[in-house]
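What follows is a single structure, written as structure tokens, with notes after it.
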Amino acid sequence: ASIWVRMASMATRIRVRAPVRASRAPLRRGGGCGYHFHLCASSSSSFSNPESAEPLSSPPPPEPAQEPSSLPSESVPEPSEGPFNRSVVGTGRLGSRSRSKANEFDPARLRKFLIEEEKWDKVWALDIVDDIIMGRREGVSVEQTKQVFDWLKKYGLPAEDVCNVVARSHALLNTPTTALDELAKHFIKKGVPGGKVAKVFLHHPALVDYTEAPDGKSLVKGKTVAVVDFTNDKLTCSYNRQQ
């Protein structure tokens, strides 16, 4: 009996560890199922003596930064200026003949010439300048543009129609006036009055790229033949492609 009494007194002196309880604390970003568990022990839990713990090894000292190896010096080109502050030389596709070499393009000068001197609507002027900047037209100088405008007015095109024919023909501004004179002679030979020669380009802007055939009866561009006729004050133009 005394043995059982002693065992009972010893059991009362045994400390029972607190059970593991779950904590429904949400996980941080990137967690799995959404909850994790904290292991909660009683305050009587013993911890290892910090003095007996092995010291942590200190991280190795950083290696000294290596100086970059010397590279051969190269000349760095200066950055090009923006498209609105430089002169652009047109490099677009050419027609069946060489265009004018006076194609130094200055956006500010051309814009000012079209708006202030030719009295173009601002929207039309900006469209022409933007087409050149974006590569849809060849670059052209103010001097070359003025020569073409004078030629169109000389052959009967009203000033208000100049912007229309220029807008329809991307090649017109870069065509030398000597080449335009050859086309004018052909139109006149086909019955077009001198005062209506420039209007041919208004209705058929593609003819700017054509040249007279050796027999003088038609215009050619590559394998395409264009026949112009002016009868009873009516202009017709037929296009045929040779095999």
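Numbering (our numbering), first residue to last: 777 to 1019.
Think of the CB as a built atom: it goes at the ideal place given N, C-alpha and C, for glycine as much as any other residue.
None of these values were measured; they are calculated from a predicted model.
6 Å CB neighbourhood of residue i in its chain, flanking five on each side removed
{"i": "K999", "result": "R1017, Q1018"}
{"i": "H962", "result": "E988"}
{"i": "H980", "result": "C1013"}
{"i": "T951", "result": "V984"}
{"i": "G932", "result": "G971, K972, A974"}
{"i": "V924", "result": "L949"}
{"i": "R885", "result": "V918"}
{"i": "N946", "result": "According to the sequence shown, residue 946 is His rather than Asn. Cβ within range, chain order: R913."}
{"i": "T921", "result": "L949"}
{"i": "D903", "result": "none"}
{"i": "R944", "result": "P981"}
Cβ neighbours of residue i in the same chain (closer than 8 Å, five flanking residues each side left out)
{"i": "A935", "result": "E894, K895, K929"}
{"i": "V1001", "result": "A989, S994, L995, Y1015, N1016, R1017, Q1018"}
{"i": "G992", "result": "H962, K965"}
Outcome for residue i when other beta-carbon atoms lying within 10 angstroms are tallied against a minimum of 16
{"i": "T954", "result": "exposed"}
{"i": "P969", "result": "exposed"}
{"i": "V899", "result": "exposed"}
{"i": "N1008", "result": "exposed"}
{"i": "R912", "result": "exposed"}
{"i": "K1010", "result": "exposed"}
Distance CB(residue i)-CB(residue j) smaller than 8 Å
{"i": "V1004", "j": "K966", "result": "yes"}
{"i": "D985", "j": "K997", "result": "yes"}
{"i": "E919", "j": "E958", "result": "no"}
{"i": "V938", "j": "F977", "result": "no"}
{"i": "W927", "j": "L956", "result": "yes"}
Residues of its chain near residue i, where Cβ-Cβ distance is below 7 Å and the 5 sequence neighbours each way are ignored
{"i": "A901", "result": "R887, L890, I891"}
{"i": "A982", "result": "none"}
{"i": "N964", "result": "Reading off the sequence shown, one finds Ile at residue 964, where the question assumed Asn. Counting only Cβ-Cβ distances below 7 Å, and skipping sequence neighbours, we find G970, V973."}
{"i": "F1006", "result": "K966, G967, V968"}
{"i": "A960", "result": "Y931, V973"}
*Quick one: which unbroken alpha helix (DSSP H) runs of 4-plus residues sit fully inside the region 960-1004? Chain order, please.*
Every unbroken stretch of the alpha helix (DSSP H) spanning 4 or more residues and falling wholly within the region 960-1004 is given here in chain order: 973-979.
_My parser needs the alpha helix (DSSP H) runs of 4 or more residues fully inside the region 914-943; what are they?_
Here the runs fully enclosed are 918-930.
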